[in-house]
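S.K.: Take a look at this one; I'll ask things after.
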Amino acid sequence: MTRRETVINALLHKETEHIPYHADFTEQEYERVSAFVGDKDFIEKYGCYLHYWQYWAYPTEREERPGYFTDGFGVTWNRTGADKDIGIVDEPVISEADISLYPTPFLDEKRIREDCERLIATRGDRFCFAGIGFSMFERLWSYVGMEDALVYMITEPEFVHELLDKILEFNLRVIDIINEYPFDAVYFGDDWGQQRGMIMGAPLWREFIKPRMKIMYERVKKDGKFVIQHSCGDIQDVFEDLIEIGLDCYQTVQPEIYDLKEIKERFGERLTFWGAVSTQRDLVRSTPDELRRIIDDTVSIMKKGGGYILAPTHALPQDVPPENVIAMLEHFKTV
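Quick note: the sequence shown uses this note's numbering, first residue 59, plus one each step.
Dropping the structure here:
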């Protein structure tokens with residue numbers, strides 16, 4: 059069975075001989091582990107099952123200051139701090155609840171197609187997909203700021219609906235391009251959760267976010283592809299909603315937030331889970347032997363009936379000891 063077939067069986071809730079697995083890295087951590095093992099291409103030897111790329115914000119040619127870049131949405135990102143992969147928004151582009159301030163984004167179709175073609179050409183036998191990061195709520199707050207995004211949901215709902223419709227319109231154009239390629243799935247990244255509950259709460263998520271995610275999921279499904287959704291934090295209040303609108307796979311499952319046995323029992327026959335090896339807790343604090351035991355315990359809960367992709371909960375941050383990264387990857391190959 060190929061790696062692609064193994065992942066498809068997991069998504070169809072069929073048990074497989076081996077659990078599909080994957081690992082992503084922040085740029086800083088990948089450099090640390092590469093130096094530790096003396097091999098800049100070390101990840102290739104571990105046979106991860108997923109191969110993907112996401113559109114979130116191509117930089118433009120403008121770089122006013124070192125470490126700052128302005129993306130195709132008109133948002134300037136500051137990468138001079140600890141977060142050098144994404145950065146933080148320098149200042150909101152839309153300073154008040156006025157849709158006329160919306161900066162029409164540049165859709166770099168040529169570059170999207172080049173990235174899709176590169177991904178297809180290098181897929182091998184892996185499960186391959188493309189997607190959109192900052193796909194709805196995150197794009198909203200990148201325009202107006204996090205605080206105003208939440209306040210406007212209460213005080214300026216018409217403006218929020220207008221802005222989210224603009225974001226949806228852009229995303230559908232990207233999805234239509236992605237759908238032209240023989241990908242297995244489309245991935246959406248959009249953080250809705252915090253350590254305890256949802257950032258905006260389930261009722262506001264249902265009003266503003268759910269209807270638009272439904273439209274995007276339907277656009278993907280019409281082409282026969284799976285839908286994968288990323289959100290950090292605790293979003294179990296809307297698992298039923300996500301299943302209702304067609305979600306196949308949820309990433310990321312944080313064991314410091316979720317009771318793995320409970321969510322597997324309640325949702326495991328209808329939702330595939332991706333993650334569950336904690337970058338916040340276990341990968342940072344454990345010894346390699348402890349980490350192997352944690353992985354075994356996690357797999358014993360999550361593998362039943364398929365529906366599981368074994369992985370760290372996030373791209374590995376730079377505080378994870380390299381020896382733990384290697385121990386994890388070596389152990390992934392045995393489960």
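Think of the CB as a built atom: it goes at the ideal place given N, C-alpha and C, for glycine as much as any other residue.
Measuring only the C-alpha atoms, how far is G251 from V151?
M.R.: Distance between the alpha carbons of G251 and V151: 24 angstroms.
S.K.: Could you tell me whether any Cβ in chain D is nearer than 8 angstroms to the Cβ of I235?
M.R.: The displayed structure is made up of one protein chain only, and chain D is not part of it.
S.K.: With which residues is A334 paired in a DSSP beta bridge?
M.R.: DSSP lists A369 as partners of A334.
S.K.: Let's test the definition: count the other Cβ atoms within 10 Å of the Cβ of F164 and tell me whether it reaches 16, buried, or not, exposed.
M.R.: Result: exposed.
S.K.: Quick check: L200 and F246, are their CB atoms within less than 8 angstroms of each other?
M.R.: With the sequence shown as reference, residue 200 is identified as Ser, and Leu is not the correct amino acid for it. Their beta carbons are not under 8 angstroms apart, which means S200 does not touch F246 by this criterion.
S.K.: Under 8 angstroms by Cβ, that's how I've got L230 and R277 pegged, so tell me the actual separation to the nearest angstrom.
M.R.: With a Cβ gap of about 6 angstroms, L230 and R277 count as contacting.
S.K.: Taking only the alpha-carbon atoms, compute the straight-line gap between I157 and Q86 and give it to the nearest angstrom.
M.R.: I157 and Q86: Cα-Cα distance of roughly 38 angstroms.
S.K.: Do the segment 340-358 and the segment 376-383 make contact, defined as three or more Cβ pairs closer than 8 angstroms?
M.R.: Counting Cβ pairs under 8 angstroms, three or more are found: they touch.
S.K.: Hey, E314 and R351 are a contact pair by Cβ (cut 8 angstroms); roughly how many whole angstroms apart?
M.R.: So it is not a contact: roughly 17 angstroms between Cβ atoms.
S.K.: Let me check understanding here. Comparing Cα to Cα, which of A188, I170 and F83 lies closest to I144?
M.R.: Looking at the Cα atoms, F83 is the closest of the given residues.
S.K.: Measure the beta-carbon distance from H109 to R181 and round it to whole angstroms, keeping in mind my assumption that it falls under 8 angstroms.
M.R.: Contact flag correct, Cβ pair sits at about 5 angstroms.
S.K.: How about the segment 225-239 and the segment 258-268: do they share at least three Cβ pairs that are nearer than 8 angstroms?
M.R.: Taking 8 angstroms as the limit for Cβ pairs, the verdict is that the segment 258-268 does not touch the segment 225-239.
S.K.: Among Y160, F131 and D299, which has the Cα closest to the Cα of A260?
M.R.: If we check each option's Cα against that of A260, D299 comes out closest.
S.K.: Out of I353, F325 and E327, point me to the one whose CA is closest to G333's CA.
M.R.: The option with the nearest alpha carbon to G333 is I353.
S.K.: In terms of residue numbering, what span does the alpha helix (DSSP H) encompassing I384 cover?
M.R.: Looking at the DSSP string, the run of the alpha helix (DSSP H) that includes I384 is P380 to F390.
S.K.: Am I right that H80 and C106 are in contact with their C-beta atoms under 8 angstroms? What's the rounded C-beta distance?
M.R.: Right, their Cβ atoms sit about 5 angstroms apart.
S.K.: Can the beta-carbon of I233 be found closer than 8 angstroms to that of C174?
M.R.: No, these two residues do not count as a Cβ contact at 8 angstroms.
S.K.: Quick check on V357: does DSSP put it in helix, strand or coil?
M.R.: The answer is helix: DSSP assigns V357 an H, G or I state.
S.K.: Give every residue of the same chain whose Cβ lies closer than 6 angstroms to the Cβ of L305, excluding the five residues on either side of it in the sequence, and list them in chain order.
M.R.: Excluding sequence neighbours, L305 sits near V285 and Q287.
S.K.: Kindly indicate which residue of E327, P375 and Y308 has the alpha-carbon position closest to the one of S336.
M.R.: Cα-wise, what sits closest to S336 is P375.
S.K.: Taking 8 angstroms as the threshold (C-beta atoms), are W263 and L177 in contact?
M.R.: Not closer than 8 angstroms, so no.
S.K.: According to DSSP, is M256 helix, strand or coil?
M.R.: Looking at M256 - three-state DSSP - the assignment turns out to be strand.
S.K.: Alpha carbon to alpha carbon, how far is D129 from V218?
M.R.: Going by the C-alpha atoms only, they are around 21 angstroms apart.
S.K.: Have a look at L198 and D295 and give me their C-alpha separation to the nearest angstrom.
M.R.: The straight-line gap from Cα to Cα measures roughly 21 angstroms.
S.K.: Check for me: the beta strand (DSSP E) holding F127 runs from which residue to which?
M.R.: Y126 to T128 is the span of the beta strand (DSSP E), which, as asked, contains F127.
S.K.: Using the beta-carbon count (16 or more within 10 Å), is R62 buried or exposed?
M.R.: Buried.
S.K.: Please look up how many angstroms separate the CB atoms of D242 and K283, rounded, as I've assumed it's under 8 angstroms.
M.R.: At roughly 7 angstroms, the Cβ-Cβ gap stays under 8 angstroms, so D242 and K283 are in contact.
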